[in-house]
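Take any residue in the sequence shown, count from 1 to its spot, add 4: that is its number in the numbering used here. From the three backbone atoms N, C-alpha and C, an ideal C-beta is built for every residue, glycine too. This structure is a prediction, so every number in the text was calculated from the model and none was measured. Working notes, beginning with the structure itself.
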Amino acid sequence: MISTPWRQTAFALASAAHVRMGVDAAPALQRVAASPDLLALIMCWVPLIIPDDASSLFLALQRAASGQRLLLRCGEHSVSGRLRIDRHVFLSGEEGACIRGTLVLGAEGGEISDLTVDDGGDCCLRCEGGDWTLRDLRLRCCHSAALHVSGSARVVLCGCTLGGDEDHGTAVMLSAYGSVQQTGMRKRACYGVVVKDRAACRVRECALTCISEAAVLLLARSQAVLEKCVMSEGVTCGFDSGRGRGRLLEVRGCALELEKLWGDMDRPRQVVWEDDNKRRNRNRVNLYYIRVPATETLLGCPWGNW
């Protein structure tokens, strides 16, 4: 719980900076309030609380400075269609906070954590540029893809759960890829992660569940690295390649419970498959290793020291 809301802090600092109202303020506070750069830096570390300081996420983003911290209170926060984030922000939520709609992440980058995002008929998150870190998210998608990464975006996911709804639902027509949900069956995402163009995505210690097409789809010159992930609970197949096939797929230390490993005969241009991956065929009881010929990791790939 935040003890001092953003608006109260802003009012106190503004009062200290005022010619008449700030006369009785402490000299140190007056000096702080007189420095615009220092004020901006301080206010970035005081979270904008929604709906306390701004009635909606849209209004909070309009007010936010670069590097601003935004906190969503517990409850559902709806966005109309797609909400674009074009500022460098750190967005998080209290326990039970949920966004309903699609967030479009722009080139400024930032971090999103501790939230549930329910798609509004599209993807949960569309990342179109920048460096983004996604932590402890539940991306609950019953339509196209839980996460769609494109352009030159670089995304790191840690401790997230991606895919459909574990509960049983009613009949729903999926518009994005033409799938149909049947009454009494789980609502499933078509894809967990779609990576296209020259984008790169690193997925660490995440769970991918309830997916009808493929957990990971690579297109064009994209790259994806999976580390210590789990694929189970209604995932039809693990990996698929579309037009362009993708530049690189690395899979390390993952546990895969799948109907099939690959969607078709297409493969990414390079596949790195470590021996510590484990796959369990649903028709068998024991885990067994599946070996895929590994190639050398690309030199100079954009991950750096991630």
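Does the Cβ of Cys-146 have 16 or more other Cβ atoms within 10 Å, making it buried, or fewer, making it exposed? Cys-146 is classed as buried because its beta carbon has at least 16 other beta carbons within 10 Å across all chains shown.
Span of the alpha helix (DSSP H) around Leu-63: Taken as a continuous stretch (DSSP letters only), the alpha helix (DSSP H) holding Leu-63 covers 61-67.
Whole-angstrom Cβ separation of Gly-196 and Leu-222, contact assumed at under 8 Å? 12 Å between Cβ atoms; not a contact.
With a cut-off of 8 Å on the beta carbons, I'd call Trp-136 and Leu-109 a contact; round off their distance for me. 5 Å
Would you give the residue range spanned by the beta strand (DSSP E) that Trp-136 belongs to? 135-144
Three-state secondary structure (DSSP) at Ala-228? strand
Which residue wins for smallest C-alpha separation from Ile-215, given the options Gly-246, Arg-256, Glu-263? Distances from the CA of Ile-215 to each of Gly-246, Arg-256, Glu-263 were compared; the closest alpha carbon is that of Glu-263.
What do you get for Glu-80, buried or exposed, if any count of 16 or more other CB atoms within 10 angstroms of its CB means buried? exposed
Do you know how far the Cα of Ser-154 is from the Cα of Gly-133? Approximately 7 Å, taken between the alpha carbons.
Quick check: the Cα distance between Pro-51 and Leu-74, rounded to an integer number of angstroms? For the pair Pro-51 and Leu-74, the Cα-to-Cα distance works out to about 5 Å.
Taking DSSP's pairing of strands, which residues face Arg-86 in a bridge? Thr-106
Inter-residue CB distance, Ser-70 and Arg-86 (contact presumed, cutoff 8 Å): Their Cβ separation, rounded to whole angstroms, is 21 Å, which puts Ser-70 and Arg-86 out of contact at 8 Å.
For Ala-224 versus Ala-193, is the C-beta spacing smaller than 9 Å? Not in contact: Ala-224 and Ala-193 (Cβ atoms no closer than 9 Å).
What's the C-alpha gap between Arg-273 and Arg-206? 17 Å
Spatial neighbours of Glu-115 in its chain, beta-carbon cut-off 6 Å, leaving aside the 5 residues before and after: Phe-94, Thr-137
In this structure, how does DSSP classify Trp-49 when only helix, strand and coil are distinguished? coil
Over the uninterrupted beta strand (DSSP E) stretch that includes Glu-115, give me the two end residues. 114-122
Is the beta carbon of Val-83 closer than 9 Å to that of Gly-125? no
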